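The sequence shown begins at -16 in this note's numbering and counts up one residue at a time.
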Amino acid sequence: MVHISDGILSLPVLAAGWAITIALLAVALWWSKKKGNLEEEIPKLSVMTAAFFIASLIHIPVGPTSAHLILNGLVGVILGIFAIPAIFIGVVLQTVLFQHGGITTIGVNTANMGISALIAYCIFKWGNKVGRSIMRKDLSVGIFGALAGGAGVFLAVIFTAFSLILSSKEAFFAIAIALILAHIPIIVIEAIITGSIVVFLMKAKPELIGGLENDE
(Lines of atoms letter the chains of each structure in order from A and count residues from 1; the text may use other names and numbers.)
(Lines give C-alpha, C1' and ligand atoms only; values in the text may rest on other atoms or scores of the structure.)
Protein backbone atom coordinates (compact mmCIF):
# COMPACT_ATOMS: atom_id res chain seq x y z
CA MET A 1 0.00 0.00 0.00
CA VAL A 2 1.29 3.47 -0.87
CA HIS A 3 -0.69 5.22 1.87
CA ILE A 4 1.69 5.83 4.77
CA SER A 5 0.12 5.96 8.23
CA ASP A 6 0.66 8.45 11.06
CA GLY A 7 3.60 8.03 13.42
CA ILE A 8 5.94 6.45 10.87
CA LEU A 9 7.71 9.26 9.03
CA SER A 10 10.16 11.74 10.50
CA LEU A 11 9.16 15.39 10.92
CA PRO A 12 11.43 16.67 8.10
CA VAL A 13 9.90 14.18 5.65
CA LEU A 14 6.38 15.13 6.72
CA ALA A 15 7.19 18.83 6.34
CA ALA A 16 8.73 18.29 2.91
CA GLY A 17 5.67 16.35 1.78
CA TRP A 18 3.29 19.12 2.82
CA ALA A 19 5.51 21.79 1.26
CA ILE A 20 5.63 19.95 -2.07
CA THR A 21 1.89 19.28 -2.08
CA ILE A 22 0.97 22.88 -1.26
CA ALA A 23 3.36 24.13 -3.96
CA LEU A 24 1.87 21.77 -6.55
CA LEU A 25 -1.69 22.78 -5.62
CA ALA A 26 -0.67 26.42 -6.01
CA VAL A 27 0.78 25.70 -9.45
CA ALA A 28 -2.43 23.92 -10.48
CA LEU A 29 -4.50 26.90 -9.31
CA TRP A 30 -2.21 29.34 -11.11
CA TRP A 31 -2.39 27.29 -14.29
CA SER A 32 -6.18 27.13 -14.17
CA LYS A 33 -6.36 30.93 -13.84
CA LYS A 34 -3.86 31.41 -16.65
CA LYS A 35 -5.75 29.10 -19.01
CA GLY A 36 -9.16 30.25 -17.78
CA ASN A 37 -10.62 26.78 -18.30
CA LEU A 38 -11.25 25.57 -14.76
CA GLU A 39 -15.00 25.26 -15.38
CA GLU A 40 -14.29 22.98 -18.34
CA GLU A 41 -11.94 20.81 -16.29
CA ILE A 42 -14.22 20.34 -13.26
CA PRO A 43 -16.32 17.49 -14.78
CA LYS A 44 -13.17 15.55 -15.77
CA LEU A 45 -11.56 16.32 -12.42
CA SER A 46 -14.63 15.04 -10.57
CA VAL A 47 -14.80 11.79 -12.54
CA MET A 48 -11.09 11.06 -12.18
CA THR A 49 -11.13 11.92 -8.46
CA ALA A 50 -13.94 9.39 -8.05
CA ALA A 51 -12.00 6.77 -10.05
CA PHE A 52 -8.87 7.33 -7.97
CA PHE A 53 -10.92 7.13 -4.76
CA ILE A 54 -12.80 3.96 -5.73
CA ALA A 55 -9.63 2.25 -7.00
CA SER A 56 -8.44 1.88 -3.40
CA LEU A 57 -11.35 -0.50 -2.80
CA ILE A 58 -10.15 -2.94 -5.49
CA HIS A 59 -7.62 -5.24 -3.83
CA ILE A 60 -5.41 -7.69 -5.72
CA PRO A 61 -4.13 -10.75 -3.79
CA VAL A 62 -0.32 -10.76 -3.60
CA GLY A 63 0.98 -13.80 -1.73
CA PRO A 64 -0.26 -13.73 1.87
CA THR A 65 -1.32 -10.07 1.60
CA SER A 66 -2.93 -7.78 -0.99
CA ALA A 67 -2.37 -4.47 -2.76
CA HIS A 68 -4.94 -2.16 -4.28
CA LEU A 69 -5.19 -0.31 -7.56
CA ILE A 70 -4.00 3.31 -7.59
CA LEU A 71 -4.78 4.65 -11.10
CA ASN A 72 -2.60 7.73 -10.57
CA GLY A 73 -0.98 7.18 -13.96
CA LEU A 74 -4.38 7.24 -15.67
CA VAL A 75 -5.36 10.33 -13.67
CA GLY A 76 -2.18 12.05 -14.81
CA VAL A 77 -2.69 11.17 -18.48
CA ILE A 78 -6.25 12.51 -18.43
CA LEU A 79 -5.82 15.58 -16.23
CA GLY A 80 -2.22 16.75 -16.50
CA ILE A 81 -1.48 19.31 -13.76
CA PHE A 82 -5.07 18.98 -12.50
CA ALA A 83 -4.14 15.47 -11.35
CA ILE A 84 -2.71 17.14 -8.23
CA PRO A 85 -6.01 18.48 -6.80
CA ALA A 86 -7.78 15.28 -7.89
CA ILE A 87 -5.28 13.09 -6.04
CA PHE A 88 -5.23 15.42 -3.02
CA ILE A 89 -9.01 15.25 -2.66
CA GLY A 90 -8.95 11.48 -3.19
CA VAL A 91 -6.24 10.98 -0.57
CA VAL A 92 -8.14 13.11 1.95
CA LEU A 93 -11.33 11.09 1.39
CA GLN A 94 -9.47 7.77 1.57
CA THR A 95 -7.85 8.85 4.83
CA VAL A 96 -11.01 10.15 6.48
CA LEU A 97 -13.43 7.46 5.31
CA PHE A 98 -11.28 4.33 5.06
CA GLN A 99 -8.27 5.13 7.26
CA HIS A 100 -5.99 4.53 4.26
CA GLY A 101 -2.99 6.49 5.49
CA GLY A 102 -2.77 9.13 8.20
CA ILE A 103 -3.81 12.75 8.59
CA THR A 104 -0.24 14.01 9.04
CA THR A 105 0.95 12.05 6.00
CA ILE A 106 -1.64 13.41 3.55
CA GLY A 107 1.02 15.76 2.19
CA VAL A 108 3.59 13.01 1.63
CA ASN A 109 1.05 10.58 0.19
CA THR A 110 -0.28 13.23 -2.20
CA ALA A 111 3.22 14.24 -3.27
CA ASN A 112 4.31 10.65 -3.88
CA MET A 113 1.30 9.81 -6.04
CA GLY A 114 0.87 13.28 -7.56
CA ILE A 115 4.43 13.71 -8.81
CA SER A 116 4.23 10.19 -10.24
CA ALA A 117 1.03 11.17 -12.06
CA LEU A 118 2.72 14.23 -13.58
CA ILE A 119 5.65 12.13 -14.78
CA ALA A 120 3.18 9.65 -16.29
CA TYR A 121 1.54 12.56 -18.12
CA CYS A 122 4.90 13.62 -19.54
CA ILE A 123 5.73 10.05 -20.60
CA PHE A 124 2.41 9.81 -22.44
CA LYS A 125 2.51 13.25 -24.06
CA TRP A 126 6.15 13.32 -25.10
CA GLY A 127 6.19 9.63 -26.00
CA ASN A 128 3.29 10.12 -28.39
CA LYS A 129 4.97 13.04 -30.11
CA VAL A 130 7.75 10.66 -31.08
CA GLY A 131 5.73 7.47 -31.40
CA ARG A 132 3.09 8.84 -33.76
CA SER A 133 5.78 9.73 -36.29
CA ILE A 134 6.89 6.11 -36.61
CA MET A 135 3.74 4.07 -35.94
CA ARG A 136 -0.06 4.18 -36.13
CA LYS A 137 -1.72 6.68 -33.82
CA ASP A 138 -3.77 4.09 -31.93
CA LEU A 139 -0.71 1.89 -31.43
CA SER A 140 1.35 4.81 -30.13
CA VAL A 141 -1.41 5.92 -27.77
CA GLY A 142 -1.85 2.38 -26.46
CA ILE A 143 1.86 1.74 -25.92
CA PHE A 144 2.62 5.03 -24.21
CA GLY A 145 -0.64 4.90 -22.30
CA ALA A 146 0.41 1.53 -20.90
CA LEU A 147 3.90 2.82 -20.10
CA ALA A 148 2.42 5.84 -18.35
CA GLY A 149 -0.01 3.71 -16.34
CA GLY A 150 2.70 1.33 -15.19
CA ALA A 151 5.16 4.15 -14.51
CA GLY A 152 2.63 5.96 -12.34
CA VAL A 153 2.40 3.02 -9.95
CA PHE A 154 6.09 2.16 -10.10
CA LEU A 155 7.20 5.69 -9.28
CA ALA A 156 4.60 6.09 -6.52
CA VAL A 157 5.93 2.93 -4.88
CA ILE A 158 9.55 4.08 -5.31
CA PHE A 159 8.78 7.49 -3.80
CA THR A 160 6.90 5.85 -0.92
CA ALA A 161 9.80 3.50 -0.26
CA PHE A 162 12.20 6.46 -0.40
CA SER A 163 10.05 8.34 2.13
CA LEU A 164 10.24 5.39 4.52
CA ILE A 165 13.99 4.94 4.09
CA LEU A 166 14.62 8.66 4.62
CA SER A 167 12.82 8.43 7.94
CA SER A 168 14.71 5.34 9.13
CA LYS A 169 16.85 3.24 6.81
CA GLU A 170 17.41 0.51 9.40
CA ALA A 171 13.73 0.14 10.28
CA PHE A 172 12.15 0.44 6.86
CA PHE A 173 14.60 -0.82 4.22
CA ALA A 174 13.22 -4.37 4.20
CA ILE A 175 9.65 -3.04 4.24
CA ALA A 176 10.43 -0.76 1.30
CA ILE A 177 11.77 -3.68 -0.76
CA ALA A 178 8.70 -5.78 0.09
CA LEU A 179 6.47 -2.86 -0.92
CA ILE A 180 8.11 -2.65 -4.33
CA LEU A 181 7.86 -6.41 -4.96
CA ALA A 182 4.22 -6.56 -3.83
CA HIS A 183 3.20 -3.94 -6.39
CA ILE A 184 4.70 -5.61 -9.46
CA PRO A 185 1.33 -7.22 -10.37
CA ILE A 186 -0.39 -3.84 -9.86
CA ILE A 187 2.08 -2.19 -12.23
CA VAL A 188 1.23 -4.70 -14.97
CA ILE A 189 -2.53 -4.49 -14.37
CA GLU A 190 -2.60 -0.69 -14.39
CA ALA A 191 -0.46 -0.58 -17.53
CA ILE A 192 -3.08 -2.71 -19.30
CA ILE A 193 -5.99 -0.70 -17.87
CA THR A 194 -4.52 2.69 -18.77
CA GLY A 195 -3.44 1.64 -22.25
CA SER A 196 -6.89 0.22 -23.00
CA ILE A 197 -8.78 3.24 -21.66
CA VAL A 198 -6.77 5.86 -23.54
CA VAL A 199 -7.11 3.95 -26.83
CA PHE A 200 -10.89 3.80 -26.31
CA LEU A 201 -11.07 7.50 -25.41
CA MET A 202 -8.87 8.43 -28.37
CA LYS A 203 -11.47 6.87 -30.68
CA ALA A 204 -14.58 7.97 -28.78
CA LYS A 205 -13.73 11.36 -27.26
CA PRO A 206 -10.06 12.35 -27.65
CA GLU A 207 -10.57 15.81 -26.14
CA LEU A 208 -10.91 14.13 -22.73
CA ILE A 209 -7.25 13.09 -22.80
CA GLY A 210 -5.13 15.93 -21.48
CA GLY A 211 -1.98 14.29 -22.78
CA LEU A 212 -3.26 14.61 -26.37
CA GLU A 213 -4.22 18.30 -26.20
CA ASN A 214 -2.62 20.46 -28.89
CA ASP A 215 -1.02 17.30 -30.28
CA GLU A 216 -1.77 17.11 -33.95
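Even for Gly, the Cβ is constructed at its ideal location relative to N, Cα and C.
The structure presented is a predicted model; accordingly, all values stated were derived computationally and were not measured.
- The segment 1 to 17 makes no contact with the segment 31 to 42, as fewer than three CB pairs between them are under 8 Å.
- Distance between F71 and A94, taken at the CA atoms: about 9 Å.
- Judged by DSSP in its simplified three-state form, I141 adopts helix.
- Cβ atoms of L130 and G110 come within 8 Å of each other, at about 7 Å.
- Distance from N55 to V74 at the Cβ level is roughly 10 Å; contact not present, criterion being Cβ atoms closer than 8 Å.
- A50 has I43 as its beta-bridge partners, per DSSP.
- Annotation for S150: L(-8), S(-7), V(-4) place their beta carbon closer than 6 Å to its own, counting only its chain and skipping 5 residues before and after.
- Linking T88 to L147 through their CA atoms gives a straight-line distance of about 12 Å.
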